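The structure appears below as structure tokens.
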Amino acid sequence: MKKLHLIGNIKMNFTKDEANEYLTELKALAEGTDHTVGVAMPSVYLHLASDIIGDSKTLLGAQNVNYNNFGAFTGEINAEMIKDFNVNFALVGHSERRSLFKELDEDVNKKVKELLKHNITPIVCVGETLQEREDNQTEKVLSTQIKKALNEIDLEDAKNIIFAYEPVWAIGTGVSATSSQADEGCLIIKNKVNSLYGSILEPVVLYGGSLNSKNAHELLSCQNINGGLIGGASLKAKTFSDIFNMVI
Ligand code: PGA
């Protein structure tokens, strides 16, 4: 069986009670799977999530982190803070952060370094817009985003990074990439990472963008796709579990 990383991204959803119910259900559902299951929670629920899923198989993630240490950064949280809540991974450079909050590749790189320092796995998200795809810029955009994200990161650290190919036009739109587009995007990322380090790193690369239980089997069966980053379809524990209960 192909072992997958299946990561839910809750984004800005759930009341406290809903988060409680969801995490309790997810924890139970994920017990039976051999895949790696994780969920990126809103930061305000990390404490609750840490109490509920604690030392279970389900990994806990943050959706964002500031790259600075403690200090005058109103409204922000840093890697050391989330580490205290047993956070295993954090999303970095999600396209919503890039487009809505003007995050730059340089910010992504700093966040990756800060997370690695605290032994938190960065999940680095990259992806092209529809316009860039139509202009045949996909490979260039992905390669540039990867190169900048990995600036001054050595080989040993790079081994601890997960990547996600998330075409911007497929996120939250209900229009996923075709399996060949998704596979090709993930391959571009793998090749770029390998070319930067001159060795075969075998990076884990997830696909994200309107992934659901209907298209999951086809997408996740692709050779270069090691799992999924799932938004909308992860918001119900049962729907999410339909994906991670799949045998690929
Ligand atoms: P979606 O979101 O599955 O709702 O398209 C994916 C993501 O934003 O990571």
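Quick note, my numbering runs 13 ahead of the 1-based positions in the sequence shown. Note that the Cβ used here is the ideal one computed from N, Cα and C, for glycine as well. Here the structure is a predicted model, which is why all the values come from computation and not from measurement.
Does the beta-carbon of Glu89, which I'm using as the reference point, lie nearer than 7 Å to any heavy atom of the ligand PGA?
Remark: the shortest separation between the CB of Glu89 and any heavy atom of the ligand PGA does not fall under 7 Å.
Under the criterion of a Cβ to heavy atom distance below 7 Å, does Leu72 qualify as lining the ligand PGA?
No, the Cβ of Leu72 stays beyond 7 Å of every heavy atom of the ligand PGA.
Limits of the beta strand (DSSP E) - the one that Asn22 falls within:
Counting along the chain, the beta strand (DSSP E) containing Asn22 begins and ends at 18-22.
Given a cut-off of 8 Å, decide if Ile184 and Gly222 are closer than it, judged by their beta-carbon atoms.
Going by C-beta atoms, Gly222 is nearer than 8 Å to Ile184.
Leaving out the 5 sequence neighbours to the left and right, which residues in its chain are closer than 7 Å to Asn99 when beta-carbon positions are compared?
Cβ neighbours of Asn99 beyond the five flanking positions: Ser63, Gly67, Leu73.
Given this structure, state the Cα-to-Cα distance separating Gln194 from Asn239, to the nearest angstrom.
Near 15 Å, if we compare the C-alpha coordinates of Asn239 and Gln194.
Given Asn81 as reference, the closest of Val125, Thr71, Val260 once Cα atoms are compared
That would be Val125, whose Cα lies nearest to the Cα of Asn81.
Rounded C-beta distance between Gly21 and Val57? I'm assuming under 8 Å.
No, Gly21 and Val57 are not in contact; Cβ-Cβ is about 17 Å, not under 8 Å.
Alpha carbon of Ser254 to alpha carbon of Glu215, nearest angstrom:
So the two alpha carbons sit approximately 27 Å from each other.
Extent of the continuous alpha helix (DSSP H) to which Ala41 belongs
That run of the alpha helix (DSSP H) goes 29-43.
So, Asn122 versus Lys161, is the Cβ gap smaller than 8 Å?
With a cutoff of 8 Å on beta-carbon distance, Asn122 and Lys161 are scored as near each other.
Tell me whether Ile107, by its Cβ, gets closer than 7 Å to a heavy atom of the ligand PGA.
With the sequence shown as reference, residue 107 is identified as His, and Ile is not the correct amino acid for it. Correct: His107 has its Cβ closer than 7 Å to the ligand PGA.
Quick one: what does DSSP say Tyr178 is sitting in, helix, strand or coil?
Tyr178 falls in the strand class under three-state DSSP.
Please state whether DSSP places Gly198 in a helix, a strand or coil.
Under the three-state reduction of DSSP, Gly198 is assigned to helix.
Would Leu233 and Gly241 qualify as a contact pair, given that the criterion is a beta-carbon distance under 8 Å?
Yes, Cβ-Cβ distance for Leu233 and Gly241 is below 8 Å.
Excluding the 5 residues preceding and the 5 following Asp118 in the sequence, name in chain order all residues of the same chain whose CB lies nearer than 7 Å to its CB.
If we look at Asp118 and ignore the five residues flanking it on each side, its Cβ neighbours are Gln158, Lys161, Ala162.
Out of Asp196, Leu248, Glu145, which one is the CA nearest neighbour of Gln236?
For Gln236, the closest C-alpha among the options Asp196, Leu248, Glu145 is that of Asp196.
Taking Gln76 as the reference, give the member of Thr87, Arg111, Phe257, Lys70 with the closest Cα.
Comparing Cα positions, the closest option is Arg111.
Could you give the DSSP three-state label for Thr157: helix, strand or coil?
In this structure, Thr157 counts as helix in the three-state DSSP scheme.
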